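Data first, discussion second: the structure below is written as C-alpha cells.
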Amino acid sequence: MTAVGASAEAVLKITDLSVAYGEGPEVVRSLDLTLAPGERLGLIGESGAGKSTVGLAVIGLLRSGMRITSGSVVLNGRELTGLSERDLRDTRGNDIALVYQDALAALDPVKSVRSQLDEAIRAHGDLDRAQREAVMLDAMAGAALPVEHLDSYPHELSGGLRQRVSIAMALANKPSVLIADEPTTALDVTTQSRVLAVLDELVKSTGTALILITHDLGVVSACCDTTAVMYGGRIVESGPTQEVFQSPRHPYTQALVRSVTAIGRSDLERLPVIEGAPPAAEAIPSGCAFAPRCERRDGDPLCVAESPTLAELVGAPHRKAACWHVETDGSDG
Amino acid sequence: MDERAPEPLLRVEGLTQSFRLRSAGRQAETFAAVNDVSLAVARGERVGIVGESGSGKSTLARAIVGLRRPDCGRVTFDGTDVYALGRRERVALRCRLQLVLQDPSASLDPRMSVRALVREGLEVHGRGAGADAAVAQVLDQVGIPASLHERKPHALSGGQRQRVALARSIVLGPDLVVLDEPVSALDVSVQGQILNLLLDLQDAHDLAYVFVVHDLAVARWFCHRVLVMRQGRIVEDASSEQLFTQPQHPYTRELLAAAPSALGEPVPDA
Chain A
1 MTAVGASAEA VLKITDLSVA YGEGPEVVRS LDLTLAPGER LGLIGESGAG
51 KSTVGLAVIG LLRSGMRITS GSVVLNGREL TGLSERDLRD TRGNDIALVY
101 QDALAALDPV KSVRSQLDEA IRAHGDLDRA QREAVMLDAM AGAALPVEHL
151 DSYPHELSGG LRQRVSIAMA LANKPSVLIA DEPTTALDVT TQSRVLAVLD
201 ELVKSTGTAL ILITHDLGVV SACCDTTAVM YGGRIVESGP TQEVFQSPRH
251 PYTQALVRSV TAIGRSDLER LPVIEGAPPA AEAIPSGCAF APRCERRDGD
301 PLCVAESPTL AELVGAPHRK AACWHVETDG SDG
Chain B
334 MDERAPEPLL RVEGLTQSFR LRSAGRQAET FAAVNDVSLA VARGERVGIV
384 GESGSGKSTL ARAIVGLRRP DCGRVTFDGT DVYALGRRER VALRCRLQLV
434 LQDPSASLDP RMSVRALVRE GLEVHGRGAG ADAAVAQVLD QVGIPASLHE
484 RKPHALSGGQ RQRVALARSI VLGPDLVVLD EPVSALDVSV QGQILNLLLD
534 LQDAHDLAYV FVVHDLAVAR WFCHRVLVMR QGRIVEDASS EQLFTQPQHP
584 YTRELLAAAP SALGEPVPDA
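If you read the sequences in order, they're chains A and B.
Be aware that the first sequence starts at 1, since it is given in the numbering used here, and climbs by one per residue.
Be aware that the second sequence starts at 334, since it is given in the numbering used here, and climbs by one per residue.
Shown next as C-alpha cells:
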C-alpha cells in the first residue's frame, strides 16, 4: 500500500473492495478509490467493467445475490460495510445519494414531484412544514426546476425534467457524496448538456463530491476533475482527467482514447479499433484482464499469469496505472 | 433520358406520416411525425439522418424501406414507386432495400442458430436451394467464424449479434441498406469495428446507406452527406464537411454546440 495522497481529508475511501455474484467469480476486484471533498471523479468503462456495481456496493444497494466479499468503504470516517440496513438507510440520502440513468424508474409514478421531494426531505430530518417547503424550493431552484412543475406527476415531465427531479431529490439533504450512474445517457444532446450544467453547478455550490459513472469519455472530459478507468472489474488507470486523456499510459486507455479521437478525423479511411470485445463480468480472464486484446503485451507470459496492481507512475505520483509494461512504483526492478 | 443527370437510387418526395393522438371526445388530433420530407440518395452514397428523439428519424426510415405507407408523398426506389406496387412485388423489392435496427437482440429470433437466421431471408424469397455456400460466404465477410455458426443469439456478444444482423441483410443482395442507430447500443471499442465493417461491406457489394444516428461525431466521420431533422422536418441538408464546419440553420448550430467535444485537443498517435 503506497497510496496515501489526500486520504487524510478524504470524504470517501474505498480500500481493496471486491464484489462477487453469489459464489461465482468476482465482478469487482480489489478496488481502491479515494474521493476528496468537492472532487468530481469520472468512473468510466465499457459494459461489464463493474463500474455500476462499484456505485451500488458503496451505497449498499447491490442487487440480491451480489455481495461484498472483501474490503472497506469509509464515508466521512465511518465504515459502511457491515452496517445494518437501518443505519445504512439513514446514511443514504443524508450523506450519500444516487442518481440513476432511468429517472422514470427511480421516481414513483403515482406521487407528485412535491410529495416525492417532501418524502426525501422528511426521511432525513426533523423539519417542520415551512422549513421543508423552504428546503424543497431551494432544491428545485438548484436543479433549475421551475416551481410550476411542483404538482406534476413524473409521466407529465420530459426526460430532462425528470432527471432534474431526481437530482433535486438526491441533493435536497446536501449529501457529501453523490453517485450519478449514466445520468444523461438516455437524454438528447441538448438536454444532456443542460442536465450536466445543472449537476455541475449544484455540486459546486453545495460542495458535494461527485462520482460520475459513464461510458462517455466526452462527458467526463467536460465535467470531471479526475478520472478512473475500469476494465474487467478493476481500475486500470487513474489521474487528473486532462492528463489521462492527453497522455494515457495504460494500453486500454490509449486504445479507447485513440478510437474516440479518430472519429473526429475525416482523413481516416478506417477507424483504429481494439480487436475483440470486453469480457463479460462472469468471464474475466485471470492475469491482466486486457491481455487478450492488448497490443503491447507482445507475448509476455507475466501478463496472463499475474494481475498487475494499480500503482503510482514513476515521475507522476498523482497518476496511477495497472500494467506490467508501464513503469510504476509498484513494478519490480 | 440518358443525357440527363442519373436518376438517384432513392427519391423521397413530400413524404408525410401522421399519427392520431388520443382524441378527447371531440375531433381527433393528429401529429405529423414526418412532415413534407424530400430527399434523394445516389448509388454508393452514405447519407446520415441526425436529430433528437421524436424528430421523426425512425419513422422516416421505416417509410423508406416500404414498411409503413405514408399519408402522402412518394418513395421511388430505382425508378419504381414503392407504394404503388402490389404486396408481392413490394416483398420482392425488399431484397434490394433492407433495414437494420439498433438492437439486434430484439430482431433476431432467440431460438434460431446463426446459420438459420442468415438463411431465413433467402428461404422467404424462394432462394433457399443451395444457399449454404452463400450463407457461409457472407458470415465470413462479416467476421463470424465457423465455430459460431450453430450458436443462438444469446450466446453472442452485442457486436457479434450486429454482425449477424448485417449478414442477414447483405445475403439478399441489397442496393440500399437503411441503418437505424446500428452502433448506439455497442461498447465504444466495438463501435469502430462495426463502422469499419460497414465500409468494407459497402466496397464489396456496392451499397448505398441511409444512416439514422444521434451521435454527431459518428455521422460526420461516416457519412458523405447529413440531413438534420427537427419536429418531422429536414431543416438542413449538406455535405458532412459543410454541415460541421459551416452549419447554416440555428438548430444545427445548437446541436453542434451541445455535443460534448470528443476530448479537446487531438491526442498524438502513440
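Note that the Cβ used here is the ideal one computed from N, Cα and C, for glycine as well.
Keep in mind the model is a prediction, meaning the values are calculated, not measured.
It is roughly 6 Å from the alpha-carbon of R270 (chain A) to the alpha-carbon of N529 (chain B). One finds G525, L528, N529, L532 and D533 in chain B with Cβ atoms closer than 9 Å to the Cβ of R270 (chain A), taken in chain order. Burial is judged here by how many other beta carbons sit within 10 angstroms of a residue's own beta carbon; Q192 (chain A) has at least 16 and is buried.
By the criterion of at least three beta-carbon pairs nearer than 8 Å, the segment 53-69 of chain A is not in contact with the segment 495-511 of chain B. Among the CB atoms of chain B, one or more fall inside 8 Å of the CB of L256 (chain A). Within the segment 386-397 of chain B, those residues whose Cβ lies closer than 8 Å to any Cβ of chain A are, in chain order, S386. Going by beta carbons, L481 (chain B) and V451 (chain B) fall outside the 8 Å limit. Counting only runs of 4+ residues, the alpha helix (DSSP H) found wholly inside the segment 206-269 of chain A occupies 217-223, 241-246 and 251-262, in chain order.
Contact note: A439 (chain B) does not reach chain A at a C-beta cutoff of 7 Å; the least C-beta distance is about 17 Å. Between the segment 318-327 of chain A and the segment 339-346 of chain B, the count of Cβ pairs shorter than 8 Å is below three; the stretches do not touch. For D369 (chain B) against T349 (chain B), the beta-carbon gap comes to about 6 Å, under 8 Å, which counts as contact. When the beta-carbon positions are compared, A222 (chain A) and L196 (chain A) come within less than 8 Å of each other.
In terms of beta-carbon proximity, S259 (chain A) lines the interface with chain B, with at least one pair separated by less than 8 Å. Taking a 10 Å sphere around the C-beta of T69 (chain A), we find fewer than 16 other C-beta atoms and assign the residue as exposed.
In the DSSP assignment, T392 (chain B) falls within the alpha helix (DSSP H) that extends over K390 to I397. Contact note: P515 (chain B) does not reach chain A at a C-beta cutoff of 8 Å; the least C-beta distance is about 14 Å. At the C-beta level, S522 (chain B) and E182 (chain A) stay beyond 8 Å of one another. Checking the DSSP bridge columns, you'll see K320 (chain A) partnered with A:S238 and A:E312. Contact of A550 (chain B) with chain A by beta-carbon distance below 9 Å involves G218, V260, I263 and G264. D520 (chain B) belongs to the set of residues whose beta carbon lies under 8 Å from a beta carbon in chain A.
Annotation for K51 (chain A): the continuous alpha helix (DSSP H) segment containing it runs K51 to I59. Its Cα nearest to that of L441 (chain B), the residue B:R496 stands out among B:G419, B:R429 and B:R496. Per DSSP, S572 (chain B) is one residue of the beta strand (DSSP E) stretching across R566 to S572. At a cut-off of 8 Å between beta carbons, L588 (chain B) contacts chain A. Inter-residue distance for E148 (chain A) and H155 (chain A) is about 15 Å (C-alpha atoms, whole angstroms).
Interface annotation, E46 (chain A): in contact with chain B, CB-CB separation under 8 Å.
Annotation: S259 (chain A) to V551 (chain B) spans about 11 Å, alpha carbon to alpha carbon.
Here the alpha carbons of G387 (chain B) and Q564 (chain B) stand approximately 7 Å from one another.
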